[in-house]
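Student: Could you have a look at this structure, given as structure tokens, before my questions?
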Amino acid sequence: SYKVGVLAINGFADANAKYKLMFEEYLNRKLRDVFHPKINFTMVPLDFTTLYTWVETKIVDFIYVNPSAYSCIESQYGASSLASQQSIQKLGNDTYDFALFGGVIFVRADRTDIKTIADLKDKSIAAASISGLGSGQAQFRVMVDNGLNYIQDPAQLVFTSNQGTVVNMVYQKKVDVGFVRTNQIEQMESKSSTILYPEWNVAALSHVHWLVQREVQRALLELDQSDPAAKAATVKGWIPTLSYMELR
1 SYKVGVLAIN GFADANAKYK LMFEEYLNRK LRDVFHPKIN FTMVPLDFTT LYTWVETKIV
61 DFIYVNPSAY SCIESQYGAS SLASQQSIQK LGNDTYDFAL FGGVIFVRAD RTDIKTIADL
121 KDKSIAAASI SGLGSGQAQF RVMVDNGLNY IQDPAQLVFT SNQGTVVNMV YQKKVDVGFV
181 RTNQIEQMES KSSTILYPEW NVAALSHVHW LVQREVQRAL LELDQSDPAA KAATVKGWIP
241 TLSYMELR
């Protein structure tokens with residue numbers, strides 16, 4: 001039996017609703033009869049604290065995590081990325097797919113006093129979390145690259161655990177600046193975005209036999225967009241793993 005740990009950034013109920021079909025029903029459907037004796041997969045939603053504990057103690061065998069979490073786990077525990085997510089997003093009548101994302105630093109349109117990274121000094125800032133990439137770490141990197149300390153230089157740094165809350169706080173003038181993930185249609189780097197990073201990925205821990213890793217990778221790459229598992233997770237599918245070196 002293999003456990004797939006899913007980083008549940010929006011809560012366990014959301015993770016179960018989106019990914020249980022993918023990491024239980026789909027993997028079992030594709031791989032249960034490949035090995036003798038048969039194997040099976042169970043999805044386990046995890047928060048950040050539990051994720052690292054379960055990886056270290058080898059309670060989970062595979063992980064589905066954001067790029068920053070994967071980078072840490074790869075360097076500390078020797079995990080191997082198997083596939084990168086190809087996401088989809090509908091905007092009006094159009095559908096976009098992408099495998100990269102970045103972060104956006106935004107303010108209200110009437111805040112003409114905040115035009116550059118240097119203007120973030122002594123301003124109140126909202127982000128989802130200190131460990132999140134698209135709504136935190138990507139923007140922190142930009143601040144550091146421009147000579148600012150993201151802890152000491154803002155007048156206030158608020159972590160909301162939710163990007164929707166970040167947007168609302170800026171709109172309601174509760175903070176000056178918001179950090180959120182790029183809009184899903186932004187597939188190219190621009191002046192309004194940080195550099196782009198690979199999407200979330202599935203990785204195997206080092207104790208998993210390479211034959212099982214290979215078959216899980218094959219199953220993910222074969223996922224069709226029309227499959228119920230893909231629809232529930234709002235993904236187009238999986239592509240051969242991209243490089244996460246930029247996160248180190």
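The numbers in the UniProt record's numbering rise by one with no breaks, and the one at position 17 of the sequence shown is 17.
All C-beta atoms in this analysis are idealised placements derived from N, C-alpha and C, irrespective of residue type, glycine included.
Any chance the region 167 to 179 sits against the region 21 to 32, with 3 or more Cβ pairs inside 8 angstroms?
Tutor: no
Student: Output needed for Ser190: all residues of its chain with C-beta closer than 7 angstroms, excluding positions within five of it in sequence on either side, in chain order.
Tutor: Summary for Ser190: the model assigns pLDDT 46, below 50, so the residue's position carries little reliability; its value from the coordinates is reported in the next sentence. For Ser190, where only same-chain residues beyond five positions count, there are no Cβ hits under 7 angstroms.
Student: Got a sec, what are the start and stop residues for the beta strand (DSSP E) Pro45 sits in?
Tutor: Phe41 to Leu46
Student: Would Val44 and Gly5 qualify as a contact pair, given that the criterion is a beta-carbon distance under 9 angstroms?
Tutor: Yes, the Cβ-Cβ distance between Val44 and Gly5 is below 9 angstroms.
Student: By Cβ distance below 8 angstroms, which residues in the same chain neighbour Glu222 in space, the five residues on each side in sequence not counted?
Tutor: Lys30
Student: Is the separation between the beta-carbon of Leu133 and that of Gly103 shorter than 9 angstroms?
Tutor: Contact annotation: Leu133 and Gly103 have beta-carbon atoms nearer than 9 angstroms.
Student: Tell me the DSSP secondary structure of Met188 in three-state form.
Tutor: The predicted position of Met188 is uncertain, since its pLDDT is 33 and thus under 50; a value taken from the coordinates is nonetheless stated next. Coil at Met188, not helix or strand.
Student: If we count the other Cβ atoms within 10 Å of its Cβ and call it buried at 16 or more, is Gly136 buried or exposed?
Tutor: buried
Student: Excluding sequence positions up to five away, which residues of its chain have a Cβ less than 7 angstroms from the Cβ of Ala155?
Tutor: Asp122, Lys123 and Ser124
Student: What separation, rounded to the nearest whole angstrom, lies between the Cα atoms of Gln163 and Ala230?
Tutor: 23 angstroms
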